[in-house]
Amino acid sequence: METATKSTDYALAPINKNLAAEQKIRLLRDMLRIRRFEQKALADYQKQGRMGGFMHLYIGQESIATGVCSLMGDHDHVITAYRCHGHALAVGMTMNECMAELYGKVTGCSKGKGGSMHFFAPDKNYWGGHGIVGGQTPLGLGLAYGLKYKGLKGAALCFLGDGAVNQGCFYESLNMASLFDLPVIYVIENNKYSMGTSMERSSVVKKCLAERGEAFSVEWAQANGEDLYEVRAVTQKAIERAHNESKPMILEFDTYRYYGHSVADSKHKGGYRPEEEIEKYKTQHDPIQLFKRRLIGEGVLTQEQFDEISEAAKDEAAASAQFAEESPLPTDANIFEDVYFEVDRQTEAGRTGKHFFHD
Amino acid sequence: MALIEYRDALNQAFAEEIERDPNVVLIGEEVAQYDGAYKVTKGLWKKYGDKRIVDTPISEAAFIGMGIGASMLGLRPVMELMFWSFATVAYDQIVNNAAQIRYMSGGLINCPIVIRGPANGGTSVGATHSHCPENWFAAVPGLKVVNAATPYDAKGLMKSAIRDNDPVLFMESTLLYGEKGEVPEEEYVIPLGKADVKRVGTDISIIGHGRPILAALKAAELLEAEHDIHAEVIDLRSIRPLDEEAIFASVRKTHRAIYVEENKPFCGIGAQVSSMIMEKCFDDLDAPVLRVTSLDAPAIYSPKVETRQLPSAHDIIKKVLSIC
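Sequence order for the protein chains is C and U.
Offset between the first sequence (1-based) and the working numbering: plus 84.
Offset between the second sequence (1-based) and the working numbering: plus 663.
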């Protein structure tokens, strides 16, 4: 992604060609909603006492979650790591439940028990939000296993970062995915830095990271993640393959995060990466600006419309913060709920024996 | 009742649950075509085929994680670890994923998985293969830990474990697989969280879990014959959930207690149970609660010495006599 010039025009790919104007605008809106949500979340994080812990911002990468999740059918499932806000909104979770989770409120998607890294919505086929680098890759394998076992035509889309590719369980998972012909698609979002360590300093790379799939006879593709059309076109092929042939695949999307690894990352600007690099991506490779320009060029969007959508997303984010602010905290009694299914449901098993060992 | 081996009792439990619920699937190393490293799954692949009995590569992190992911979609995977000692390579999946997924999703997701296999020393396989990790995992809220000492308990508890909607870690013993015991022909289940009074007594409560329960029963026999001491033997069977009432009721009757386990002493199950007895039965006690555990060092290889590292009937008798 050194340049925005395209050799292939992915707007012409079948999955994009037939998009109606309102569908294209919807995709743009989805990206803008992620950005405005996170900008508001960051602003509120910086106000002392509202939120705690880590917050890994997705800003700069919105085209990937938006593009991939826009293709999900009834039996397609998504799971990702801790940079999970974008995927959550992309699968249709509301800003209210997400913002309230960041605030640690009982109205949050995980009732204030998960926090920034642990958003879930199984009703939307969204299985988190996982905090341990690479730890979600066997779970993605398991979702694919479950789909195949049940005879459902679906795919498990398992996101991971460029840092996660060096975890052992990822390779064990690739081997098993290939061995068992499981419909899992590993989507590497390569933002070039695993925390403060550049890809060059953390990974042995020949062509790209996805190429490592070769060792397991797993098909792979590398693509430009800044282009929403390209993300959709490449992912659609992988999904079709998973559906029709029950085969795994690795996709690698080049992308960039504008903020640090997390909000606690003080060295991201001018430390382990030059400020000019960040500026270059912001000005030349921003997925929202690029898609906006395309849509204006296609005549389906005006600058005024864009501003309206952007303002509406900002208002929605502000309202979600107000909702979060006004929501109640979990109670002390809530701490012991959602630990054991059987206890929560007060089944016979849940009523037998001592499950908790505090006073 | 039929007299069958512990491994066959488990085998029956698997077969019955596979037939009862189409979502039950057995997954692990050598469980299918090889018939199980210890023949616990013998004949099941032949009978139920590739879909229900699945061999995996040696990739504990991935296949345990795969089972967890599949359980989130409603499967009931029964995952074999050839040794519970190998849980170390799947620790992240068990402790961070299986145990926490329900909590961190605010109760939206549950994980009805069973992870099972032998957890014992005494077979001269050295420290890496001899761990008894029930205390590692019982310390994690969200997990359940079960430890069966007899064929009857193994079958009944396994059936409950498979039907349970939370992650259950089921610990067996290679030294118990060949032990025989009576198992009813008709179907039965044993609830998790219910201890079993294996021998009734009045003078001291020998409480424990797992294979050392057999040593406790032998010790109780000798204590009665040689010292006129009537020991009660309580087998917890399930460590988490824990049947505290059974423990307290026995101690209130006998006024003395010893905990027996193959775990190491530091933060072992006996440490937890002793603390609970001290808290709830302080005035009932006529002596301090003592513990008989494995000796507190890595499992030694030397075959004749290793047996001395594990709790024996002799060790139990010695401790009992020191407070009776």
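Glycine is no exception: its CB is placed at the ideal position from the N, C-alpha and C atoms.
(message) Whole angstroms are fine: how far does the CA of U/Leu885 sit from the CA of C/Gly218?
(response) 54 angstroms
(message) Going by DSSP, what residue range makes up the beta strand (DSSP E) through C/Met333?
(response) Met333 to Asp338
(request) Determine whether the Cβ of C/Met260 lies closer than 9 angstroms to any Cβ atom of chain U. (result) yes
(message) Please report the distance separating the alpha-carbon of U/Glu849 from that of U/Asp671.
(response) 15 angstroms
(message) Measuring straight from C-alpha to C-alpha, what distance separates U/Val741 and C/His159?
(response) 24 angstroms
(request) Can you say whether U/Arg683 is buried or exposed, counting buried as having 16 or more other CB atoms within 10 angstroms of its CB? (result) exposed
(request) Kindly list the residues whose CB is nearer than 8 angstroms to the CB of U/Asn674, restricted to its own chain and excluding five residues on each side of it in sequence; keep chain order. (result) Val703, Thr704, Lys705, Gly706 and Leu707
(message) If you reduce the DSSP assignment to three classes, tell me which class C/His159 lands in.
(response) coil
(request) Measuring alpha carbon to alpha carbon, tell me which of C/Leu103, C/Trp304 and C/Met279 ends up nearest C/Val268. (result) C/Trp304
(message) Can you confirm whether the region 245–261 of chain C touches the region 270–282 of chain C when touching is taken to mean that 3 or more C-beta pairs between the two stretches lie within less than 8 angstroms?
(response) yes
(request) Spell out whether any CB of chain C is found under 9 angstroms from the CB atom of U/Thr719. (result) yes
(request) For C/Glu86, count neighbouring C-beta atoms within 10 Å of its own C-beta (all shown protein chains included) and say buried if the count is 16 or more, exposed if not. (result) Residue placement at C/Glu86 is poorly supported in this model, since its pLDDT is 49, which falls under 50; the coordinates still yield a value, given next. By the 10 Å Cβ count, C/Glu86 comes out exposed.
(request) Examine the Cβ distances between the region 900–911 of chain U and the region 842–859 of chain U and report whether three or more of them are shorter than 8 angstroms. (result) yes
(message) Below 7 angstroms on C-beta distance, what does U/Asp827 contact in chain C?
(response) Glu426 and Ala433
(request) Evaluate contact between the region 779–787 of chain U and the region 963–979 of chain U, counting only Cβ atoms and requiring at least three cross-stretch pairs below 8 angstroms. (result) yes
(message) Can you confirm whether the region 294–303 of chain C touches the region 350–365 of chain C when touching is taken to mean that 3 or more C-beta pairs between the two stretches lie within less than 8 angstroms?
(response) no
(message) Can you tell me where the alpha helix (DSSP H) holding C/Cys182 begins and where it ends?
(response) Met179 to Leu186
(request) Figure out for me which residue from U/Glu668, U/Gly864 and U/Phe746 has the closest Cα to the Cα of U/Ala920. (result) U/Gly864
(message) According to DSSP, simplified to helix, strand and coil, what is C/Phe203?
(response) coil
(request) Give the DSSP-derived three-state secondary structure of C/Lys147 in the structure shown. (result) A small correction: the amino acid at residue 147 of chain C is Ser; Lys does not occupy that position in the sequence shown. Three-state DSSP puts C/Ser147 in a helix.
(message) Once the 5 residues before and after C/Arg49 are set aside, which same chain residues still bring their CB inside 7 angstroms of it?
(response) In this structure chain C extends from 85 to 443, so residue 49 of chain C is not present and cannot be described.
(request) Would you list the one or two residues that DSSP bridges to U/Ser901? (result) U/Val809
(message) Just checking: is the beta-carbon of C/Pro222 within a distance shorter than 9 angstroms of some beta-carbon in chain D?
(response) Looking at the structure shown, chain D is missing, and the protein chains on hand are C and U.
(request) Give the interface partners of U/Gln756 over in chain C, defined as CB-CB distance under 9 angstroms, in chain order. (result) Gly219, Pro222, Leu223 and Cys253
(message) Using the Cβ count rule (16 or more neighbours within 10 Å means buried), how would you classify C/His442?
(response) exposed
(request) Anything in chain C within Cβ reach of U/Arg683, meaning under 7 angstroms, just list it in chain order. (result) Neighbours of U/Arg683 on chain C: none; closest Cβ ~16 angstroms, over 7 angstroms.
(request) Could you tell me which of C/Ala125, C/Ile109 and C/Thr92 sits nearest to C/Asp399, measuring between CA atoms? (result) C/Ala125
(request) From the DSSP output, in three-state form, read off U/Glu845 for me. (result) strand
(message) So for C/Thr87, helix, strand or coil by DSSP?
(response) At C/Thr87, the pLDDT of 48 sits below 50, so the modelled position is not reliable; the number obtained from the coordinates is stated separately. Note: C/Thr87 maps to coil in three-state DSSP.
(request) Could you name the residues of the region 732–749 of chain U whose beta carbon sits closer than 9 angstroms to any beta carbon of chain C, in the order they occur along the chain? (result) Gly732, Ala733, Ser734, Met735, Leu736, Gly737, Leu738 and Pro740
(request) Take C/Gly238 as the anchor and find which of C/Asp128, C/Gly157, C/Ser394 and C/Thr431 has the nearest alpha-carbon. (result) C/Gly157
(message) One question on the structure: do U/Ala883 and U/Ile869 come within less than 9 angstroms of each other, judged by their Cβ atoms?
(response) yes
(request) Check the DSSP bridge columns for C/Glu303 and list the partner residues they point to. (result) C/Met333
(request) Check the Cβ of C/His202 against every Cβ in chain U and list those closer than 8 angstroms, keeping chain order. (result) Met767 and Ser768
(request) State buried or exposed for C/Ser282, treating a residue as buried only when at least 16 other CB atoms are found within 10 Å of its CB. (result) exposed
(message) Rounded to the nearest angstrom, what separates C/Leu379 and C/Leu385 at their Cα positions?
(response) 5 angstroms
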